Amino acid sequence: MTLFSSFWGVPEQQKGKERIEMILEKLEAEGCGMAENFETFSRVSIRRLGRLLPEARWEICSPPWSGGGWEWCVKRWLPFMEPRQKKGQRGLTLKRCLPRVKCFIEVELRVYRDGKQVTLLQLEKQYQEWIFQMHDRYDEEIDRGEDQPLLLVSPSNKEGLGISSEVARVHKEIQRKGSSWKSGQKIKILKGACAGYHKNNCLPVETAEWEHQVEKQRQKMASTIEILSARHCQDLEIDGALPTESAVYAGHIPPKNIVAVVRPASFNSASASGNLDQKYILISKDNLEIVIQIKFRSGDKSVKDACHIYSGYIESSSLKGFQGLYIFPLGCKFPDLFQKAGSYTFLLSLRGSSCVSCERTIKVKASFEVGKHELLCDGQSRCNADSVK
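Numbering (numbering that gives the first Met the number 0), first residue to last: 0 to 388.
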């Protein structure tokens, strides 16, 4: 332990300078500058092997029963460095001079673990192992890209990209814990995990497994729209279904409702049972809507000259325990729909998709019932004829 005051051992050219200020200047020159001066510098500092440890601080707290309280009992000096209440000139001198004395304590480092002394070499090895453990457990890699990064500055879709900083580096290939990750590589994200390779949430996927998973997802996707038959409507206890005949006669009463469902790709009409099965009715989490269009074309008109009757949207609903039903009140909206001979086309499609659709055409023939009597004239002869509907 070394004690010195601001006046001890000061060279002639350094007179007028406190010794601690010289030490602080040396620390500043070594790149360890501290915002302190002689007055604020710790009364007791620690050295090891003759070198000052500037960040080390000597603090002693009195126990609670000392009466001082924990909040102000911190002492930054050794007991004998504290001025005692002495009277007279000597007491005043001590009170004035003791605060100007700094103390350096030389320490010898000994490390014990589980009661056994550990050498510095062993300590270094254990310390490095601990560093690696903490690094693997908590640290995120800063930059392990194998190519030149593309810098994203203030991207507008930070939330979608999963980043929070204003600047992000984007690589086409990175290394992480001995594994290579490339742009376009097929991966799977573990259930309940957040996106990001650095969280150990991703695993590479072989081509065979990838294709198997893609096919499983494809089987669940919307494939076709089907207008339910009369038998299926009976299961729902609803008056529905379009005519199944090749043609009907004018005056045919339209059904009160038509019911449509979206079939997944796994549905096979040839092998499916005649009963309605929820497994083959797609339930969308995105609240899909079906667009319905109704057009009419008389017998002497071309397809492009078809007359538009109605277009609108149908939302999904449930009935009799079945979900994913699209019910359109045809008879309520158009009770006299099939009164005129011609072709009536019903076109159903998923809103926002041109790939999934259904088209049904109902042909209506003229009826043989007498509608009214008219006098027909060809310009030369006159005759009476009964017109038909």
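Ideal Cβ positions, reconstructed from N, Cα and C, are used throughout, including at glycine. Nothing here was measured: the structure is a model prediction, and the numbers come from that model.
Close Cβ partners of residue i (< 7 Å) along its chain, the five nearest in sequence each way excluded
i, result
"GLU225", "ALA259, VAL260, ARG262 and CYS357"
"GLU236", "LYS319"
"SER164", "none"
"GLY311", "ILE291"
"ALA264", "ARG217, GLN218, MET220 and SER222"
"GLU288", "TYR312, ILE313, GLU314 and ARG350"
Selection from the options that minimises the alpha carbon distance to residue i
i, options, result
"ARG175", "GLY250, LYS190 and PRO203", "PRO203"
"PHE333", "LYS364, ILE308, LYS278 and ILE173", "ILE308"
"SER268", "SER228, HIS251, ILE252 and GLU288", "SER228"
"ASN274", "SER283, ASN256, LEU287 and CYS232", "CYS232"
"VAL363", "PRO242, SER178, ASN286 and GLY30", "PRO242"
"ASP238", "MET21, SER366, PHE321 and LYS255", "LYS255"
"ASP285", "PHE266, ILE22, GLY323 and GLN277", "GLY323"
"ILE252", "LYS339, ASP299 and VAL152", "LYS339"
"LYS219", "GLU208, PHE266 and GLU123", "PHE266"
"PHE397", "PRO148, ASP113 and ILE313", "This structure cannot settle anything about residue 397, because the visible part of the chain is limited to 0 through 388."
Alpha-carbon spacing of residue i relative to residue j, whole angstroms
i, j, result
"THR206", "VAL302", "47 Å"
"SER297", "PHE337", "12 Å"
"ALA240", "VAL247", "14 Å"
"GLU145", "ALA167", "16 Å"
"VAL213", "LEU281", "18 Å"
"ILE173", "ASN200", "15 Å"
"GLN292", "PHE367", "30 Å"
"ALA189", "GLY330", "First, the amino acid is wrong: residue 189 is Leu here, not Ala. Whole-angstrom Cα-Cα distance: 50 Å."
"ILE257", "LEU160", "44 Å"
"THR118", "GLN132", "21 Å"
"TRP209", "LYS215", "10 Å"
"LEU150", "VAL169", "6 Å"
"LYS25", "ILE162", "44 Å"
"GLU27", "GLN127", "29 Å"
"SER316", "GLU158", "33 Å"
"PRO154", "ARG112", "51 Å"
"PHE321", "GLN277", "6 Å"
"GLN116", "PRO148", "48 Å"
"TYR325", "TYR279", "14 Å"
"CYS354", "TRP180", "34 Å"
"ARG230", "SER270", "17 Å"
"GLY114", "LEU120", "17 Å"
"HIS211", "SER272", "27 Å"
"ASN156", "ASP335", "53 Å"
Residues that DSSP places opposite residue i in a beta bridge
i, result
"GLN292", "SER310 and LEU346"
"TYR111", "GLN116"
"PHE367", "In DSSP, PHE367 forms no bridge with anything."
"GLN174", "SER179"
"VAL166", "VAL152"
"PRO328", "BP columns for PRO328 are empty, so no partner."
"GLY341", "VAL363"
"LYS187", "LEU202"
"CYS354", "In DSSP, CYS354 forms no bridge with anything."
"SER316", "LEU324"
"GLY159", "Bridge partners of GLY159: none, in fact."
"GLY144", "ILE173"
Chain-order list of residues whose beta-carbon lies under 6 Å from that of residue i (same chain, five-residue window excluded)
i, result
"LYS187", "LEU202 and VAL204"
"LYS171", "ASP146 and SER182"
"SER283", "none"
"ILE22", "none"
"VAL152", "VAL166"
"SER348", "VAL290 and SER356"
"ASP234", "LEU275"
"GLN125", "none"
Residues near residue i in its chain [Cβ-Cβ closer than 8 Å; skip 5 each side]
i, result
"GLN184", "PRO203"
"LYS294", "ALA305, CYS306, HIS307, ILE308, TYR343, THR344 and LEU346"
"THR360", "SER342, TYR343, THR344 and PHE345"
"SER245", "LYS362"
"LEU122", "VAL110"
"ALA249", "PHE337, GLN338, LYS339, ALA340, VAL363, LYS364, ALA365, SER366 and LYS388"
"SER352", "ALA221"
"SER393", "Here the chain covers residues 0 to 388 and nothing more, so residue 393 does not appear."
"GLU29", "none"
I'd like the ranges of any alpha helix (DSSP H) spanning at least 4 consecutive residues and lying wholly in the segment 222-306.
Counting only runs of at least 4 residues, the segment 222-306 fully encloses the following alpha helix (DSSP H) elements, listed from N- to C-terminal order: 229-234.
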